[in-house]
Each structure stands twice: as C-alpha cells, then as structure tokens.
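J.: Residue numbers (the working numbering): 5 to 315.
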C-alpha cells in the first residue's frame, strides 16, 4: 500500500507573518516537504520574484513539483540545505528563508521509510533514500560505545548504555533488520517499571537519536545558518522551527553569535576584533503553536519558532 504524501505545515500563519513576504522578493524554503509553507509564500508573491525549495527527499521533491506546478516562479532543488551555497544560483540574494527541522508526517507514516517505532518495517531512516547508510547498517557495524554516545547525545536517553549493549548483543547472533528489532532491544534495556511510567513510547528518544545521527541533521547546522544570513539582504528574515532541545540550543546559540559576534576578552576596554552584529531578534521569546493548532496537529506540540532579521 502506498502512503499518500502529506505534511501539515507547522505554525504556518506565524511563519508567514514573520517572514514578511514582499512582492518581487527571493525566498528560500530549506525543507520543502509537502510544500505547505512554500505555497503560502508563492500566493503572496503573486507571480513575482522567486521561491527556491530544497529537500533531501526525492519523494517530497516530486510531490511538491506537482502541487506547485502552477507557479512559474518556483524552483525545486534536490539536496541538503547545509550545502545552500552550492545549491542556489550564484549571486542569489535572499529576502527571507524558512527552515522546518522536523520530520514530515509522510516520512513518519510511511512504514517503508523506517522512521516509526509503531510499524514493523525495514530499519532505514534515511531522509535521502538515494544515498548514505541505513540505520540498520549503522547499528550493525558501529562500536557499542559509539552507539551509546549517539543515543545519549542526541536524545538525553538515560538508558543509552544499556540500549547499546542490547543492540550489540542482538547483532552477534542476528543482525538488526527491522524497526521491531530495534524496539525489542530498547524494551529489553529499559526496566518495565520505567516503561510503564514513561510519557510516550519508550523507543521515541532512541529512534530520534539514530535518525539524527545517520542523516547528519545537526552536522554543520550553525555553518548553514550563517551561510543563509550572509546571503540575506538588509531587512530580510530567517525563520527556523525546531522540535527538540538539542537542535533548538544550536539554533539559539547561532542566532546569539550573529547578534554578539565579538570575541575580545570580557575585560578588554574596547572591541579590537572588528566583528559586528549581522542580525537581530525579531521578537524576544520563542513562539510555540496555539491551542487550536495543537488540537489539529498533535505532532507540533514540541515546535519552537525563532526568527532573526538581517542588519
């Protein structure tokens, strides 16, 4: 059975409001997905300017091209937005960029992709199915201490060492092949009493960590954000939606450095490094989904929106 490509855009009204779309501008959707955010921007562009949409998932690219085929000022690009400099045409000047760092509903709901711990499926988890190693290949070959570190760093899972131990014990006899194989290792590692009291599925954190690892989701994220703000015109906006504390800390830190880049010693009477602020916060606190949105899309519950403007 083929899963219909669907992805409900998170905080669409808030993103569009703070993206501050102007006719004739050039915009970038770094995580095109189902094209929900992009279509809202294209409507506001009213046939002018240009919108580039980047995605690692070829199925997302295919769906978005079909959905947005009526917009002649839309260009879809297959790739990782971490490579934004090489993916965009030379001398591109951006008026605004949006990034949704979450996994699409399609990826979660399509069993064959291996993102879900609710379905027994091949243990894949690649956002770009055309390249890279699968989660199964990683878990069947990586050293036990590396797996434990990956799970702990990317999810704060307190049982990371025991989970890694169960994974390596399992692969000694039979390689992990499916999502259920990984769930079984997690269940064997976490005591029943802990699992009963846990909020949500006990496999959630481990699946998140392995997904982040094999897709390199946080690798060079700060560099990519800096590349994007450097391509942005004066007054342009960079909107980023995060879904867990690890990536949110990275985005927050990157935005802080854009606003306070000075590396002089705190005791120095004057700044001599010459680094000047290149961005400022558009609002002081993060924006989270409304109660109405949470009722319509429970997967948005952990989302946070941060926005900076180029100065």
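No residue lacks a Cβ here, since even glycine has one placed at the ideal position from N, Cα and C.
Note that the structure is a prediction, hence the values are computed from the model and not measured.
Hey, could you find the ends of the beta strand (DSSP E) residue 45 is sitting in?
T.: Looking up residue 45 in the chain shown gives position 41. No beta strand (DSSP E) holds residue 45; the alpha helix (DSSP H) holding it covers 40-49.
J.: Taking the continuous alpha helix (DSSP H) assigned at residue 198, which residues delimit it?
T.: Here the question's residue 198 lines up with position 194 in the chain shown. Unbroken alpha helix (DSSP H) run through residue 198: 196-201.
J.: Report the residue ranges of all beta strand (DSSP E) runs contained in full by the stretch 98-138; include only those spanning at least 3 residues, in chain order.
T.: You should have 98-104.
J.: Using the beta-carbon count (16 or more within 10 Å), is residue 255 buried or exposed?
T.: Counted from its first residue, the chain shown places residue 255 at position 251. With 16 or more Cβ atoms within 10 Å of its Cβ, residue 255 is classed as buried.
J.: Just to confirm my understanding: we take residue 136, look at its own chain, exclude 5 residues before and 5 after, and list those with CB closer than 7 Å. What are they?
T.: Within the chain shown, residue 136 is the residue found at index 132, counting from 1. Excluding positions up to five away in sequence, the list reads 130, 218.
J.: Determine the direct distance from the alpha carbon of residue 69 to that of residue 95, and round the result to whole angstroms.
T.: Position 91 of the chain shown, counting from 1, holds the residue named residue 95. Position 65 of the chain shown, counting from 1, holds the residue named residue 69. So the alpha carbons of these two residues sit roughly 24 Å apart.
J.: Any beta carbon from chain B within less than 8 Å of residue 33's own beta carbon?
T.: The structure shown contains no chain B, having only a single protein chain.
J.: Are residue 239 and residue 284 closer than 8 Å when you measure CB to CB?
T.: Taking the chain shown and counting its residues from 1, one reaches residue 239 at position 235. Taking the chain shown and counting its residues from 1, one reaches residue 284 at position 280. Not closer than 8 Å, so no.
J.: In the DSSP assignment, what are the bridge partners of residue 283?
T.: Walking along the chain shown from the start, residue 283 turns up at place 279. 314.
J.: So is residue 86 buried or exposed if we call it buried at 16+ other beta carbons inside 10 Å?
T.: Here the question's residue 86 lines up with position 82 in the chain shown. Per the 10 Å Cβ criterion, buried.
J.: Decide if the stretch 274-292 is in contact with the stretch 190-209; the criterion is three or more beta carbon pairs, one per stretch, under 8 Å apart.
T.: No: the two stretches stay apart, fewer than three of their Cβ pairs being nearer than 8 Å.
J.: For residue 82, which of helix, strand or coil comes out of DSSP?
T.: The sequence position of residue 82 within the chain shown is 78, counting from 1. Residue 82: strand per DSSP, three-state reduction.
J.: Could you say if the stretch 113-124 and the stretch 36-55 meet the contact criterion of at least three C-beta pairs nearer than 8 Å?
T.: No, the stretch 113-124 is not in contact with the stretch 36-55.
J.: Assuming residue 297 contacts residue 105 (C-beta within less than 8 Å), just tell me the rounded distance between them.
T.: Along the chain shown, read from residue 1 onward, the residue named residue 297 stands at position 293. Along the chain shown, read from residue 1 onward, the residue named residue 105 stands at position 101. Not a contact, Cβ separation roughly 17 Å.
J.: Looking at C-alpha atoms only, which residue of 268, 247, 78 is the closest neighbour of residue 209?
T.: The residue labelled residue 209 in the question sits at position 205 within the chain shown. It is 247 whose Cα lies nearest to the Cα of residue 209.
J.: How is residue 23 classed by DSSP in three states: helix, strand or coil?
T.: As a working mapping, residue 23 is identified with position 19 in the chain shown. It is helical.
J.: Ordered along the chain, which non-local residues of its own chain (more than five positions away) have a Cβ less than 7 Å from that of residue 24?
T.: If you number the chain shown from 1, residue 24 lands on position 20. Closer than 7 Å at Cβ, skipping near neighbours: 100, 241.
J.: Just list the residues that DSSP pairs residue 30 with in beta bridges.
T.: As a working mapping, residue 30 is identified with position 26 in the chain shown. In the DSSP output, where bridge partners are listed per residue, residue 30 has 54.
J.: State the beta-bridge partners of residue 59 as determined by DSSP.
T.: Residue numbering aside, residue 59 sits at position 55 when the chain shown is read from its first letter. Bridge partners of residue 59: 82.
J.: Nearest-angstrom Cα distance between residue 127 and residue 295?
T.: By one-based count along the chain shown, residue 127 stands at place 123. By one-based count along the chain shown, residue 295 stands at place 291. Going from the Cα of residue 127 to the Cα of residue 295 covers about 34 Å.
J.: Can you give me the C-alpha to C-alpha distance between residue 215 and residue 276, rounded to a whole angstrom?
T.: For the purposes of this step, residue 215 is taken as the residue at position 211 of the chain shown. For the purposes of this step, residue 276 is taken as the residue at position 272 of the chain shown. Looking at the two C-alpha atoms, the distance is approximately 42 Å.
J.: The beta strand (DSSP E) that contains residue 305, what's its start and end?
T.: The residue you call residue 305 lines up with position 301 of the chain shown. Per DSSP, residue 305 belongs to no beta strand (DSSP E) and is neither H nor E.
J.: For residue 6, I'd like the list of residues in its chain whose CB is within less than 7 Å of its CB, leaving aside the five on either flank, ordered along the chain.
T.: What you label residue 6 is simply residue 2 of the chain shown in a count that begins at 1. Because the pLDDT at residue 6 is just 43, under 50, the model does not fix this residue reliably, and the point stays unresolved.
J.: Quick check: the Cα distance between residue 183 and residue 145, rounded to an integer number of angstroms?
T.: Looking up residue 183 in the chain shown gives position 179. Looking up residue 145 in the chain shown gives position 141. Cα to Cα, residue 183 sits roughly 16 Å from residue 145.
J.: Under DSSP, the beta strand (DSSP E) around residue 243 begins and ends at which residues?
T.: Position 239 of the chain shown, counting from 1, holds the residue named residue 243. 236-246 is the span of the beta strand (DSSP E), which, as asked, contains residue 243.
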